[in-house]
Amino acid sequence: MRTFIARRLLGAIPLVLGIATLIFFVVNLAPGDPTARFLNPNTSPEAQEQVRVNLGLDQPLPIRYVRWLGALAKGDLGDSFSHNRPVVDIIQELLPNTLLLSFSAIGLAFILGILLGILQAVRQYSLLDSIASMVGLFFYSMPSFWLALMMVLLFSYGANVWDWPIQFPASDVQDIEYAFFSPVEKVQDRLMHLTLPATSLALVLAAGIARFTRASMLDVIRQDFIRTARAKGLSEPVVIFRHALRNALIPVITLVGLYLPFLFSGTVFIETVFAWPGMGKLVVDSILERDYPVVMGGTLVFAVMVVVGNLVSDVLYAVVDPRIRHD
Amino acid sequence: MTTRPDLLVVTDLRTHFTTEVGVARAVDGVSFQVGMGETLGIVGESGCGKTVTALSILQLIPSPPGEILKGSSILFDGEELLKAAPARLREIRGNDISMIFQEPMTSLNPVLKVGHQIEEALRLHRGLSKSEARSAGVALLAEVGISDPEERYDCYPHHLSGGMLQRIMIAIALSCEPRVLIADEPTTALDVTVQAQILDLLAKLQDRHGMALLLITHDLGVIAEVCDRVVVMYGGQIVETGTTQDILTRPEHPYTQGLLASLPGSGDRDVRLNPIPGTVPSPVNWPAGCRFRDRCPVAEERCAESVPELLPLSEETTRLARCWRVGSIGGPVEGST
Amino acid sequence: MTDRRRVILSALLPGFPQLAAGRWGGGGLSLTVWLAFVGLLLTRWARFAAGWGGPLDHKIASLTVVAGLIGAWGWSLYDVSNPGGVKQSGVSQWSLAARAFRKNRIAVAGVLVVVWVYLIALVTPLIAPHDPAAQASLLTARMVGPGGEFVLGTDDLARDVLSRILYGARISLSIGFVAVGISVTIGTLVGAVSGYLGGWVDTVLMRFVDMVISFPRLVLLISLSALFDTNSILMITVVLGFTQWPGTARVVRGDVLSLREREFIEASRALGFSRRRIILRHVIPNVLSSVIVVATLAIGNVIVLEAGLSFLGLGLLPPTPSWGSMVAGGRDQLLGAWWMSTFPGLAIVLTVVAFNLAGEGLRDALDPRLRT
Amino acid sequence: MTFDAEVASDADGKSDVDAKSFAGVNGGSGADVLFDVQELRKYFPVPRGVFGRSVGQVRAVDGVSFRLHRGETLGLVGESGCGKSTTGRAILHLIEPTSGRLVYDRQDLAELDRAQIREFRRRAQIVFQDPFGSLNPRMTVGGMLSEVLKVHRIGETGADRSGRVQELLEMVGLHAEHAGRYPHEFSGGQRQRIGIARALAVEPEFIVCDEPVSALDVSVQAQVINLLRDLQKDLGLTYLFIAHDLAVVEYVSDRVAVMYLGKIVEMAEAEELYGNPLHPYTRALLSAAPDRDLKAGPRRERIRLSGDVPSPIRPPSGCPFFARCPHPGKDEECETASPLLEEKGPNHVAACCKDPLPRDGG
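Here the protein sequences line up with chains D, H, F and E, keeping their order. In terms of our numbering, the first sequence opens at residue 48 and continues consecutively. In terms of our numbering, the second sequence opens at residue 58 and continues consecutively. In terms of our numbering, the third sequence opens at residue 65 and continues consecutively. In terms of our numbering, the fourth sequence opens at residue 115 and continues consecutively.
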């Protein structure tokens, strides 16, 4: 098992390196001048040049690439053009918010999706199955930003207008008066702020997971060893939960890895809609501001998270499926 | 032939499947009995309904699309299984009647250790504790001829060979000392040398435990090796029954005769094989009358209209064939072998 | 019903005899097309006639109406006069799949919706109640609720939401169609070559695919679309097309790998067929069904992505009536004019659901595992 | 069939040249040798390790030699994984052999250029086991057959070709109107006939039959066997008939070779091999086959093998059969020295260091 993880880790290194290279060249070869926003048309050529030198843009591309990689190896992502702070600091500040959002969303999505998928598979062809399939397909086809807006419309603004007992805040991670809250209130407040963004993000994923789980479960239920289990006289719950479920969930685990890119794409929208100070919003804003170091750093963090997520799902796969283990 | 009390009596079993193109009458009025300690073989080509018959006994037919029709009866030791409550049925499965299947590689759960899969039935039906079940399970592995049973006990199925897995399937099936063992093509997926091992093992275990064995196969050689009596199936129906000796040496039904003539026998290489022409019709539309008519070398006009019930060939009621020629002539059909 | 009456009936109401016979895929389509387009001619004759001399999209719209009418009429008559579709030759995998597909009512409904969305997009100039860019009086017609003169209300610039949604359909659908065309072509070629050749070619290509797939798609898209300064329909289509193919390549490669092991491919090699012939005549036709499924599902995906980019302000910019930017435009008016975001979003959902239904229906119908 | 015994009496049977000499024993030299297979090996890499590099090899075929004579059928039997199918594919160059010399009609296959390989493909064909996987599901039967004709430029016009397609279909017992149908519209036996027609389309002289009947029901199996035998008689075909069913192989073959763990362990004329098996494995194999001939009186004593076939990744260094061998005389020599095929009877070779035991009651 340990060698398996080591092998996968080793394999991930070239992947991350490749991604870093891709990011660097996509960002730096693209047209558009990052210095433009610092200068007005009247700036003298010497001053313009000075800005370029300050930003390190006077060097040829290969040298900048090597420098950037060298700094990267030391954990240095450079300084932001627009914030005048190290990119690492900005990321350190915002990453926890994004992780909180993503982890709650993916957790919620898997719990909801798997439960619904199993229920549908066990009650195949029932009314519940068809309704859940249809509703699931709608959520599955929904742009998450629109779902988020609709959630805000209903559970924040609408709830306010119609005087519903619970009204969720529509923006930010915590209340303005957060600092003055008691610990219990603090937890409550964080949860309230988390609910809408996490649910909007989770529902779209959950719909996909439910569809996949249902298909996988139906596939397993048809297999020979399920017949063997029934022939032994095992009760239906035992057959389903001990014999079918684990086999059905093995392919679902790969979804963790597959869905991460979607999840992080989703956070970009959700963070924008809910003014959630996180990585997604940071990257979008930095692109609009041509803040290359932040764009590169932020994108790299996302990509690394996806790679790590894939790694985790591979390892989980090996843990759950004895056939994969190489010991 | 000794008379043994009938343990399992199947009467007029009909199992149909709803498919897109119509109702497939996979098993269509099958009746037979298995006595204590007896080995009954069911033989036939693919699509003849032999496996569906086996699965119907324990009601392991996926439903929908499968359905056992009203009027069918499966008596186990006098008890009607088709009317048994689901809980009672589960008590019987794996305990009084157990089953082994064709593909040992896919018939065991790939993510559970084989030991666990042996224990399950023991703990469920015998109420053994975990440690009791383990020692019983290890003993079972030893009994079915697995070396290093302690070690194998903690293996996952993918670590073991097909022959080994089939032994484990047999161990699971035997764990609660069933009175009937249904073996559905137990050696088809295995190599000849391993097949011989498994057949020997089944015969030995049957001697030791005195259970009834219902062996389903397409291989007449396997039948010859282990069975006392044989049921030959074609088109969802029984076409002939009798002792193994009778069926293999004096087949009466044209289908059985054709089946035997199709086999490359030992020796004579210069004699052309005499295969049955054509192919098995679809279970969705069996021909009217005798279902073998289209392929039968001796079919007559009346065969297109109707087909007899199983007719006795002599006073012995165990020797039956579903063919007009048997009834009218009152003796064996002229052999085509 | 006698044959003669059926012919007459199908001349008057194309598709009705087929619909009555339970074939509501083809029947329903031609009947609805016939009724709708006849109705359109009756109510919008002036616009239709003017279309021939108008701008290109207007010409196309008028042409679509004529073609739709002739198509529905001709198909129905042809179908009625050739009952049963007597065929001597065998039943191909495609016709088997078509047969299976027709039985899947929900999927057929999905295809009907897809076709209708395309038709609507084509005839939009004839049916849109207002000019999508025209502003009504900002004093009286700004953010008017649904109902009344403006069926789905107006936005903060007093433009008709319905008309903008109709025009937006053309943009979303063409972007979806062309981008998927690009990505499926690249993906199929890369996948087939990678899978069939194997070796280092395969390793290199698949490493690259891994890399692209590990990228959060949207982050890549935003980098590309923002950095390339592309707010044009062409550029966004190209960017979407060129970032979508790795998924297709993976699917195709997987199919090719399993095909390569099939004995009929081995038989082709044993018969001395050239590699080119094997790939073109034996491998590609057998991966085509998965490609079709992937493509259908990908169109929905691309439509959502395009809407997302426009929502973030990185795709098509406001004057262009794109569904995504319409949702974005309504975001700040959520409290005062909920319809501004809601209806364009619903349009996206409806279209994507239809594509997904059609795609999943195709997958079920084309799945060879379900047949022998 | 004539055998010449040029090296048969060579006392020094275990030298390097032994492989060649045994081939001399089994295949007469001269004009009637169609295919000469010498020391064929096919190792498959086992990919593992960090960068997928190979950490071992599966020795699927490990030094197989035989000669095929024009018009004969050589049966190749063995249990699953013994390398018989790999042998069949490797001699046709469908998979590249690791080593070995393949001489077809006095032409070394390794020296052929592309055009000559094409010519070879016209002369040597294969029929596969799986009637479901061996036909392209998206082509009609007629399309499949005429494609072959077109590629090999058989027939001038389209009409020529469709006439030839009809001929082929009728030759394998199908009808001309079947040409327009797709594979899924046929039963397993009919599909196997189509596979045979496709192989025959190029008018080959040699066909590898790779388990052609094992997926079929008994009655259909007999139809296909009859067809193969008739075709052989009418067209003068040479077969390499690969199967695991001993009775089928005995019925169709003139000579039979038994394979175990990538090697041929015994080879002789069919009657001789079945009547007087010399290798302990052959004996065990034959006695394991269920005997349906109840008329033949009491069953003979069976030899039951214990255990499973060893892994071909790490084959035993000595006799591959050592671990399971029931021969009472087996000793250290068997464990360490790999036995070579040597002549043990008239035109009868076996790879066993020990003298065969007398057969009891056989």
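All C-beta atoms, glycine included, are put in the ideal place defined by N, C-alpha and C. Note that this is a predicted model, so its numbers are computed, not measured.
- Message: Please report the straight-line C-alpha distance between GLU176/H and ILE154/H, rounded to a whole angstrom.
- Response: 17 Å
- Task: Identify the continuous beta strand (DSSP E) that holds PHE74/H and give its terminal residues.
- Result: 63-76
- Query: In chain order, what residues of the same chain have a beta carbon less than 8 Å from the beta carbon of PHE165/E, not counting five sequence neighbours either side?
  - Reply: Residue confidence for PHE165/E is low, a pLDDT of 47 falling below 50, so the modelled location carries little weight and cannot support an answer.
- In terms of DSSP beta bridges, what is PRO133/D paired with? ASP126/D
- Query: Exposed or buried, what is VAL283/H when buried is set at 16 or more other beta-carbons lying within 10 Å of its beta-carbon?
  - Reply: buried
- Query: Along the chain, which unbroken stretches of the alpha helix (DSSP H) at least 4 residues long are found entirely within the segment 373-401 of chain F?
  - Reply: 387-395
- Query: Below 7 Å between beta carbons: does that hold for GLU102/H and HIS275/H?
  - Reply: yes
- Message: Rounded to whole angstroms, what is the Cα-Cα separation between GLY86/F and VAL257/F?
- Response: 44 Å
- Query: Which chain D residues sit within Cβ distance under 7 Å of GLY194/H?
  - Reply: The premise fails here: GLY194/H is roughly 13 Å from chain D at the closest Cβ pair, so nothing lies under 7 Å.
- Where DSSP assigns a beta bridge to ALA240/H, which residues make up the other side? ILE157/H, LEU272/H
- Figure out for me which residue from ILE297/F, SER126/F, TRP98/F, THR252/F has the closest Cα to the Cα of ALA110/F. SER126/F
- Quick one: is ALA179/D buried, meaning 16 or more other Cβ sit within 10 Å of its Cβ, or exposed? buried
- Item | Rounded separation between PHE311/D and VAL231/D - CA only | 30 Å
- In this structure, does DSSP put GLU364/E in helix, strand or coil? helix
- Task: Leaving out five residues on either side along the sequence, give the residues of the same chain with a beta carbon under 6 Å from the beta carbon of PRO412/E.
- Result: For PRO412/E, the predicted model reports a pLDDT of 47, less than 50, meaning its position is unreliable; a value from the coordinates is still stated below. Excluding positions up to five away in sequence, the list is empty.
- Message: At the level of alpha carbons, what is the spacing between ASN420/F and ILE363/F?
- Response: 9 Å
- Task: Pull up the distance between the alpha-carbon of PHE186/D and that of ARG326/F, whole angstroms please.
- Result: 39 Å
- With 16 other CB atoms within 10 Å as the buried threshold, where does HIS289/E fall? exposed
- Which residue comes first and which comes last in the alpha helix (DSSP H) that contains MET352/D? 339-367
- Using a Cβ cut-off of 7 Å (strictly closer), state whether THR346/D contacts chain F. yes
- Cβ shell of PHE71/D (< 7 Å), same chain only, five flanking positions each side left out: TYR112, TRP115, MET343
- Item | Interface partners of MET189/D on chain F, CB under 7 Å | VAL413
- Query: Along chain D, which residues have their Cβ under 8 Å away from the Cβ of ILE53/H?
  - Reply: This structure does not reach residue 53/H, given that chain H is present from 58 up to 394, and the question cannot be answered.
- Query: Does PHE272/F get closer than 7 Å to chain E when you measure Cβ to Cβ?
  - Reply: no
- Message: Quick check on HIS462/E: does DSSP put it in helix, strand or coil?
- Response: strand
- Can the beta-carbon of LEU154/E be found less than 7 Å from the beta-carbon of VAL178/E? yes
- In the DSSP assignment, find the unbroken alpha helix (DSSP H) run with VAL178/F in it and report its ends. 169-191
- So TYR204/D is in the beta strand (DSSP E); what residue range does that whole segment cover? First-last for TYR204/D: undefined, no H or E at that position.
- Per DSSP, SER213/E forms a beta bridge with which residues? ARG155/E
- Message: Distance check for VAL327/E and GLY335/H, CA to CA, integer angstroms please.
- Response: 16 Å
- Query: Within the 7 Å Cβ cut-off, does ASP244/E reach chain F?
  - Reply: yes
- For VAL327/E, write down the residues that DSSP places opposite it in a beta bridge. Paired residue(s): none; VAL327/E is not in a bridge.
- Item | Enclosing beta strand (DSSP E) for LYS187/H [first to last residue] | First-last for LYS187/H: 187-200, but that is the alpha helix (DSSP H), not the beta strand (DSSP E).
- Task: Starting from GLU208/H, follow the alpha helix (DSSP H) in both directions and report where the run begins and ends.
- Result: 206-210
- Task: Look up THR336/H in the DSSP assignment and say whether it is helix, strand or coil.
- Result: coil
- Query: So, using beta-carbon positions, are GLY321/E and LEU360/E closer together than 7 Å?
  - Reply: Gly is not the amino acid found at residue 321/E; the sequence shown has Ile there. No, they are not a contact pair.
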